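**Student:**
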Amino acid sequence: MALTRCGLQTKRTHEISSLYADELDWTSVKDIWYDERVANRSSRNSSKSLLIAIRARLQSAGEGFPSIPLLPEVLDQCRNERDQAQVLFLYLVNHDGLARYVVHEYLRRLMKQGPSALDFETDTVLNILDEFRDKAGEPLEYSESTQKRWVQGLRSALRDIGVLEGKTETSGQPPKVGDVPLQVAAYYSWAQNGDEWLTKPIGWLYLFQSKEYWEPQSKRLAGYEGWTHHEARSRVWFEPVDDFYTMLAEGSA
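Here's what the structure looks like:
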């Protein structure tokens with residue numbers, strides 16, 4: 229349950245991806261990271277756990293995301309830390325099967341019930357975790373206290389991306405999505421579903437943008453240099469330009 233080890237860790241992910249951009253070698257990144265963290269009085273075990281969790285998310289990202297060396301530059305183009313967190317939330321959901329399962333369940337409820345479905349009370353989330361089954365059909369084998377820590381980690385991530393406001397709030401709302409995460413989520417959707425991506429923009433959904441948001445977000449997308457669009461069969465089709473992430477990292481998308 230990776231969310232019990234670390235949340236989104238926006239600043240640390242930026243640091244680790246920046247180290248990788250410089251070194252292009254994970255062994256070197258590990259050595260430098262451990263030395264710097266121990267010098268700053270962090271324990272070696274906590275530093276190791278953090279690096280393992282973040283590296284796994286980055287390495288499993290796939291072609292829908294910027295390359296690891298480009299990621300820090302993409303994050304630098306974000307207007308604030310919330311926008312950076314929205315980008316990294318996509319990495320979390322893409323990598324972590326349990327987080328993805330819970331997010332999918334909330335999206336199903338959101339599409340049926342609207343924003344009132346975004347209830348992240350501990351018992352509500354625990355009930356969803358009770359329904360989870362792994363590939364072998366087995367339920368979670370974690371204690372209730374561990375599952376409650378996982379719920380806390382999830383709520384922390386949701387606060388980071390703007391779904392929850394305040395440290396004690398458990399009722400959520402679809403967040404305002406920044407320019408950079410909007411485009412990363414669109415590219416991720418396009419990489420997943422091709423030209424038909426806008427019929428189910430999975431990246432936007434992962435940022436809790438239900439169907440009524442898709443048209444206004446598409447209008448925003450039409451204003452960016454990194455996207456082309458055309459009308460055919462009474463629909464507007466969007467696709468990214470070549471070298472999209474290079475443009476986004478340079479601030480020209």
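Note that the sequence shown covers residues 229 to 481 in the working numbering. No residue lacks a Cβ here, since even glycine has one placed at the ideal position from N, Cα and C. Just so it is clear, the structure is predicted and the values come from calculations on it, not from any experiment.
Just checking my contact of glutamine 305 with glycine 451 at CB under 8 Å: how many whole Å lie between their CB atoms?
**Tutor:** In fact, because the Cβ distance is near 16 Å, the residues do not count as touching under 8 Å.
**Student:** Which residues does DSSP pair with serine 399 in a beta bridge?
**Tutor:** In the DSSP output, where bridge partners are listed per residue, serine 399 has Asp347.
**Student:** My assumption, with CB atoms under 8 Å, is that leucine 346 sits in contact with valine 405. Please give the rounded CB distance.
**Tutor:** With a Cβ gap of about 15 Å, leucine 346 and valine 405 do not count as contacting.
**Student:** What does histidine 458 pair with, by DSSP beta-bridge criteria?
**Tutor:** Note: histidine 458 sits in a beta bridge opposite Trp465.
**Student:** Given this structure, state the Cα-to-Cα distance separating valine 266 from glutamate 372, to the nearest angstrom.
**Tutor:** Distance between the alpha carbons of valine 266 and glutamate 372: 32 Å.
**Student:** Between the Cα of glycine 290 and the Cα atoms of Tyr319, Ser446, Ser275, Glu440, which residue gives the shortest distance?
**Tutor:** The shortest C-alpha separation from glycine 290 is found at Tyr319.
**Student:** Do isoleucine 244 and arginine 310 have their beta-carbon atoms positioned less than 8 Å apart in this structure?
**Tutor:** No. Outside cutoff.
**Student:** Assuming leucine 298 and tyrosine 473 form a contact by the criterion Cβ under 8 Å, report the distance between their Cβ atoms to the nearest whole angstrom.
**Tutor:** Indeed they touch by this definition, with Cβ atoms about 5 Å apart.
**Student:** So, under 8 Å CB-CB, valine 302 and leucine 449 are touching, yes? Tell me the CB distance rounded to an integer number of Å.
**Tutor:** In fact, because the Cβ distance is near 17 Å, the residues do not count as touching under 8 Å.
**Student:** Taking its Cβ as the centre, do 16 or more other Cβ atoms sit within 10 Å of asparagine 273, making it buried, or is it exposed?
**Tutor:** Looking at its Cβ environment, which holds fewer than 16 other Cβ atoms inside 10 Å, asparagine 273 is exposed.
**Student:** The alpha helix (DSSP H) with proline 300 in it runs from where to where?
**Tutor:** Run containing proline 300: 299-304, per the alpha helix (DSSP H) assignment.
**Student:** The alpha helix (DSSP H) with serine 245 in it runs from where to where?
**Tutor:** Residues 238-251.
**Student:** Evaluate the contact criterion for the segment 322-340 versus the segment 348-357: three or more CB pairs, one atom per stretch, below 8 Å.
**Tutor:** Touching, per the Cβ criterion.
**Student:** On a Cα-Cα basis, can you pick out the residue from Lys439, Asp253, Leu278, Asp250 that is closest to tyrosine 262?
**Tutor:** If we check each option's Cα against that of tyrosine 262, Leu278 comes out closest.
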